[in-house]
Amino acid sequence: MDKVVASADHAVADIPDGATLAVGGFGLCGIPSTLIAALVRSGTGGLRVVSNNCGVDDWGLGLLLGLGRITRMTSSYVGENKEFARRYLSGELEVELTPQGTLAERLRAGGAGIPAFFTPAGVGTQVEEGGLPWRYAPDGTVALASPPKEVREFGGVRYLLEEAISTDFALVRADVADRHGNCAFHAAARNFNPLCAAAARTTVVEAERIVEPGELPPDAVHLPGVYVDRVVAADPQDKRIERRTVRPAVRDTVPARGAQEEK
Numbered sequence: 001m002d003k004v005v006a007s008a009d010h011a012v013a014d015i016p017d018g019a020t021l022a023v024g025g026f027g028l029c030g031i032p033s034t035l036i037a038a039l040v041r042s043g044t045g046g047l048r049v050v051s052n053n054c055g056v057d058d059w060g061l062g063l064l065l066g067l068g069r070i071t072r073m074t075s076s077y078v079g080e081n082k083e084f085a086r087r088y089l090s091g092e093l094e095v096e097l098t099p100q101g102t103l104a105e106r107l108r109a110g111g112a113g114i115p116a117f118f119t120p121a122g123v124g125t126q127v128e129e130g131g132l133p134w135r136y137a138p139d140g141t142v143a144l145a146s147p148p149k150e151v152r153e154f155g156g157v158r159y160l161l162e163e164a165i166s167t168d169f170a171l172v173r174a175d176v177a178d179r180h181g182n183c184a185f186h187a188a189a190r191n192f193n194p195l196c197a198a199a200a201r202t203t204v205v206e207a208e209r210i211v212e213p214g215e216l217p218p219d220a221v222h223l224p225g226v227y228v229d230r231v232v233a234a235d236p237q238d239k240r241i242e243r244r245t246v247r248p249a250v251r252d253t254v255p256a257r258g259a260q261e262e263k
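For reference, each letter of the sequence shown is one residue, going 1 to 263 in UniProt numbering.
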């Protein structure tokens, strides 16, 4: 039952070339950066990745992308990654853009064993009609486009059929995990992580804190250990802020209390 492994390198050592990979996180929030770095060191390539976005040019999945290790992305957002856009437009990367809620539900359905579901998202758009560029040719023409989706009507409303997503492996970051693989996530870092974990046949979790079984209260468990195969320690400081925004300093123009009386 003890799922803790010695290192991130060991945890990802059996991920082969060409594997499908679900990766948790949203922007740079809750991304499994320790496991991604280990995958960079492993040299694995030809990866077909499912993740909300693809990191940034020098962090997260952007590291694998910059090395040409990713051949296909299923995402809802291109993000702050110029290399992602360059590779997509030059035909080096296949990209399936999916509405964000649909992407989340496709992963959830994959984890629940539901092969497909109907959703109103995308009705009346190219998501329904097909023709969205998945891969460009070097000359800029569309080499591969999305197919049209099946449409059915329920209660007078049209819905699209979306297929579930399941993958060979998942990389996930948790705040706390016990040795049995039960996990808790902190605030917004919960995002896609539990969905990716459930959708994969082999799930690897990096946790900022690893505790003994029983230390994590049952009500605090966001991801049951039945979905987790390996747990590895993550560096709690191994984080980045995607875009730091601060306001200019404002000089205090209100006189201090008692200043008028002193005059």
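Glycine is no exception: its CB is placed at the ideal position from the N, C-alpha and C atoms.
Outcome for residue i when other beta-carbon atoms lying within 10 angstroms are tallied against a minimum of 16
{"i": "Arg87", "result": "buried"}
{"i": "Gly27", "result": "buried"}
{"i": "Glu262", "result": "Reliability of the predicted coordinates at Glu262 is poor, the pLDDT of 48 falling under 50, and the value obtained from them is presented with this limitation in mind. Exposed, because fewer than 16 other Cβ atoms sit within 10 Å of the Cβ of Glu262."}
{"i": "Leu160", "result": "buried"}
{"i": "Ala145", "result": "exposed"}
{"i": "Arg173", "result": "buried"}
{"i": "Leu67", "result": "exposed"}
{"i": "Ala197", "result": "buried"}
{"i": "Ser90", "result": "exposed"}
{"i": "Gly140", "result": "exposed"}
{"i": "Gly79", "result": "buried"}
{"i": "Thr203", "result": "buried"}
{"i": "Gly111", "result": "buried"}
{"i": "Ala249", "result": "exposed"}
{"i": "Arg244", "result": "exposed"}
{"i": "Ala22", "result": "buried"}
{"i": "Met1", "result": "exposed"}
In DSSP terms, what residue i is bridged to
{"i": "Leu67", "result": "Answer is none; Leu67 lacks a bridge partner."}
{"i": "Ile210", "result": "Ala177"}
{"i": "Leu89", "result": "Paired residues: none, contrary to the question."}
{"i": "Leu21", "result": "Val49, Phe169"}
{"i": "Cys183", "result": "Ala177, Leu223"}
{"i": "Thr74", "result": "Val50, Glu96"}
Through-space distance from residue j to residue i, alpha-carbon basis
{"i": "Arg106", "j": "Arg251", "result": "50 Å"}
{"i": "Ala38", "j": "Gly124", "result": "42 Å"}
{"i": "residue 266", "j": "Leu35", "result": "For the chain, the structure presents residues 1 to 263; residue 266 sits outside this window and is missing."}
{"i": "Ala137", "j": "Ala143", "result": "5 Å"}
{"i": "Val176", "j": "Ser7", "result": "17 Å"}
{"i": "Ala234", "j": "Ala189", "result": "14 Å"}
{"i": "Lys3", "j": "Gln237", "result": "23 Å"}
{"i": "Gly131", "j": "Ile210", "result": "46 Å"}
{"i": "Ile15", "j": "Asp9", "result": "11 Å"}
{"i": "Thr20", "j": "Arg240", "result": "25 Å"}
{"i": "Leu61", "j": "Gly181", "result": "24 Å"}
{"i": "Trp134", "j": "Asn53", "result": "15 Å"}
{"i": "Glu94", "j": "Arg247", "result": "39 Å"}
{"i": "Arg48", "j": "Thr167", "result": "9 Å"}
{"i": "Ala200", "j": "Gly24", "result": "11 Å"}
{"i": "Gly214", "j": "Ile31", "result": "26 Å"}
{"i": "Asp219", "j": "Cys183", "result": "11 Å"}
{"i": "Thr74", "j": "Val50", "result": "5 Å"}
{"i": "Ala104", "j": "Leu195", "result": "7 Å"}
{"i": "Asn81", "j": "Leu64", "result": "12 Å"}
{"i": "Val232", "j": "Ala207", "result": "6 Å"}
{"i": "Lys149", "j": "Arg72", "result": "20 Å"}
{"i": "Cys29", "j": "Glu242", "result": "8 Å"}
{"i": "Val40", "j": "Gln126", "result": "35 Å"}
{"i": "Pro120", "j": "Gly45", "result": "36 Å"}
{"i": "Ala116", "j": "Pro147", "result": "16 Å"}
{"i": "Asp57", "j": "Glu128", "result": "31 Å"}
Given residue i as reference, the closest of the options once Cα atoms are compared
{"i": "Phe192", "options": "Arg41, Asp139, Leu223, Asp57", "result": "Leu223"}
{"i": "Gly113", "options": "Phe185, Ala19, Ile165, Thr202", "result": "Ile165"}
{"i": "Phe118", "options": "Gly101, Trp134, Cys54, Gly111", "result": "Gly101"}
{"i": "Ser76", "options": "Gly62, Glu94, Thr98, Trp59", "result": "Thr98"}
{"i": "Pro217", "options": "Asp178, Pro194, Val246", "result": "Asp178"}
{"i": "Val151", "options": "Thr141, Gly122, Val232", "result": "Gly122"}
{"i": "Gly43", "options": "Asp58, Thr71, Asp17", "result": "Asp17"}
{"i": "Arg108", "options": "Glu163, Ala249, Val56, Glu96", "result": "Glu163"}
{"i": "Val205", "options": "Val221, Arg41, Leu171", "result": "Leu171"}
{"i": "Gly55", "options": "Ile70, Arg41, Gly46", "result": "Ile70"}
{"i": "Ser33", "options": "Trp59, Arg41, Gly46", "result": "Trp59"}
Answer yes if the stretch 215-229 comes into contact with the stretch 81-95, meaning at least three C-beta pairs across the two stretches below 8 Å, and no otherwise.
No: the two stretches stay apart, fewer than three of their Cβ pairs being nearer than 8 Å.
Quick check: the stretch 173-187 against the stretch 151-158, are at least 3 beta-carbon pairs closer than 8 Å?
Segments in contact, no.
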